[in-house]
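In what follows, a single structure is set out as structure tokens and then discussed.
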Amino acid sequence: MTTRIPRNAKRVFYATESTTRTKPDGQVIRCAGREQRSTTFREARTFLDDLGVPGGVTVWTERSQQTNAYADRRADGTWMALDRLTGTWEPLPATTTEGQA
């Protein structure tokens, strides 16, 4: 799936698959796998859900010119979102695609 990001986008969501690799010494490290840029969180969430893999979503904003954590997809398929006011991770409700156009 290819997503075109407008040149004047105010926010861009980056969905990144999390994978692990084992070093020759046996140490397991976390690496980035496939990724996609989206203009909405919904597209980024759908990307990781369709892959069925754990991963994270970060958001870049034009105003701050910074990229920050936004949400994580756990290995069991649950989503956790970062509450910016408290700095804690909270569960996101499951989405349903039935009846949506």
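Numbering (the UniProt record's numbering), first residue to last: 1 to 101.
We put the beta carbon where it would ideally sit given N, CA and C, even for glycine.
- Annotated three-state conformation of Ala44 is helix, per DSSP.
- Spatial neighbours of Thr67 in its own chain (CB-CB distance under 6 angstroms, excluding positions within 5 residues in sequence) are listed in chain order as Thr58 and Trp60.
- For the pair Ala44 and Phe13, the CB atoms are nearer than the 8 angstroms cut-off.
- DSSP, reduced to helix, strand and coil, places Leu82 within a strand of the structure shown.
- Under the three-state reduction of DSSP, Asp25 is assigned to coil, being neither helix nor strand.
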